[in-house]
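Which chain is which? The protein sequence lines are W and A, in order.
Counting from 1, position 45 in the first sequence corresponds to residue 45 in our numbering; the numbering is continuous, with no gaps.
Counting from 1, position 85 in the second sequence corresponds to residue 198 in our numbering; the numbering is continuous, with no gaps.
Ideal Cβ positions, reconstructed from N, Cα and C, are used throughout, including at glycine.
The block underneath contains the structure these notes are about, expressed in structure tokens.
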Amino acid sequence: DSGVTQTPKHLITATGQRVTLRCSPRSGDLSVYWYQQSLDQGLQFLIQYYNGEERAKGNILERFSAQQFPDLHSELNLSSLELGDSALYFCASSEGDSNYGYTFGSGTRLTVV
Amino acid sequence: ILNVEQSPQSLHVQEGDSTNFTCSFPSSNFYALHWYRWETAKSPEALFVMTLNGDEKKKGRISATLNTKEGYSYLYIKGSQPEDSATYLCAFESNTGKLIFGQGTTLQVKP
């Protein structure tokens, strides 16, 4: 157990629907990062939050949004889902600076049918 | 566009062989270079984070070097073991906080 908790582990939903993925960072970590891994693709950076505020943004679609709450957990909202959104979504956390690297959760596998 | 390239894409070696992989990254806006090990059905695990040009880090049989001026890092595994089989990811951390991953090098060590 890495200390980063992601729920749910698996999610199957229909096109056009909206889902919320949840991440609880490792205790003491202030930064949360979201990554998407599609079939045959590497880890694609979506967005980073630090202590509740958005810090960096990657290639996150406008249909996707995220936030980090006062208790530091984060949610990634995916709406108007398309088949191509099917992927493994990872959350990672770090203390703030990344001297020890990021700690990854076990991921949420989203399947859009 | 930040591009992180890793080579080779995959590698098959015999137990006991030593091997190395390359990661190339932008030489501008550099903050840190990360290496991760990713085993099948698990999450990526951090191996090293290097920030200074010339940095060398070691963990057991695995070591890494960093050249920020020319934009490359090497990961070395000495005396590969079957349990070293995994995908090794490098990631470039920019000074704006983005961590961009390469596609990884998949290592298969045959007993």
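Backbone secondary structure at residue i - three-state DSSP
{"i": "Leu-81(W)", "result": "coil"}
{"i": "Glu-196(A)", "result": "helix"}
{"i": "Arg-150(A)", "result": "strand"}
{"i": "Val-117(A)", "result": "coil"}
{"i": "Val-126(A)", "result": "strand"}
{"i": "Thr-181(A)", "result": "coil"}
{"i": "Leu-72(W)", "result": "coil"}
{"i": "Val-4(W)", "result": "coil"}
{"i": "Ser-186(A)", "result": "strand"}
Nearest-angstrom Cα separation, counted from residue j out to residue i
{"i": "Leu-220(A)", "j": "Tyr-201(A)", "result": "8 Å"}
{"i": "Gly-42(W)", "j": "Gly-217(A)", "result": "7 Å"}
{"i": "Gln-127(A)", "j": "Ser-176(A)", "result": "19 Å"}
{"i": "Leu-21(W)", "j": "Val-4(W)", "result": "13 Å"}
{"i": "Glu-152(A)", "j": "Pro-70(W)", "result": "33 Å"}
{"i": "Lys-172(A)", "j": "Phe-104(W)", "result": "20 Å"}
{"i": "Val-112(W)", "j": "Ala-14(W)", "result": "5 Å"}
{"i": "Leu-146(A)", "j": "Phe-214(A)", "result": "10 Å"}
{"i": "Ser-86(W)", "j": "Gln-6(W)", "result": "17 Å"}
Counted within 10 angstroms of its Cβ, other Cβ atoms place residue i as buried (16 or more) or exposed
{"i": "Ile-12(W)", "result": "exposed"}
{"i": "Leu-160(A)", "result": "buried"}
{"i": "Asp-29(W)", "result": "buried"}
{"i": "Val-117(A)", "result": "buried"}
{"i": "Phe-134(A)", "result": "buried"}
{"i": "Asp-1(W)", "result": "exposed"}
{"i": "His-10(W)", "result": "exposed"}
{"i": "Gly-129(A)", "result": "exposed"}
{"i": "Ser-80(W)", "result": "exposed"}
{"i": "Ser-114(W)", "result": "Lying before the first or after the last residue shown, residue 114(W) is absent from chain W, which here runs from 1 to 113."}
Candidates the options: closest to residue i by CA position
{"i": "Glu-206(A)", "options": "Glu-128(A), Ala-154(A), Gly-129(A), Cys-136(A)", "result": "Cys-136(A)"}
{"i": "Asn-180(A)", "options": "Leu-188(A), Ser-131(A), Asp-197(A)", "result": "Leu-188(A)"}
{"i": "Leu-61(W)", "options": "Ser-24(W), Arg-22(W), Gly-84(W), Ser-31(W)", "result": "Gly-84(W)"}
{"i": "Tyr-100(W)", "options": "Phe-138(A), Ile-213(A), Thr-164(A)", "result": "Thr-164(A)"}
{"i": "Leu-78(W)", "options": "Glu-54(W), Ser-93(W), Thr-108(W), Thr-103(W)", "result": "Thr-108(W)"}
{"i": "Ala-92(W)", "options": "Tyr-33(W), Arg-55(W), Glu-75(W), Leu-72(W)", "result": "Tyr-33(W)"}
{"i": "Arg-55(W)", "options": "Val-162(A), Asn-208(A), Lys-182(A)", "result": "Asn-208(A)"}
For the segment 12 to 66 of chain W, list the beta strand (DSSP E) runs that are entirely contained and at least 3 residues long, ordered along the chain. 19 to 24, 31 to 37, 43 to 50, 53 to 57
Taking beta-carbon pairs under 9 Å, can you tell me which members of the segment 190 to 217 of chain A lie near chain D? Included in the structure are the protein chains W and A, with no chain D among them.
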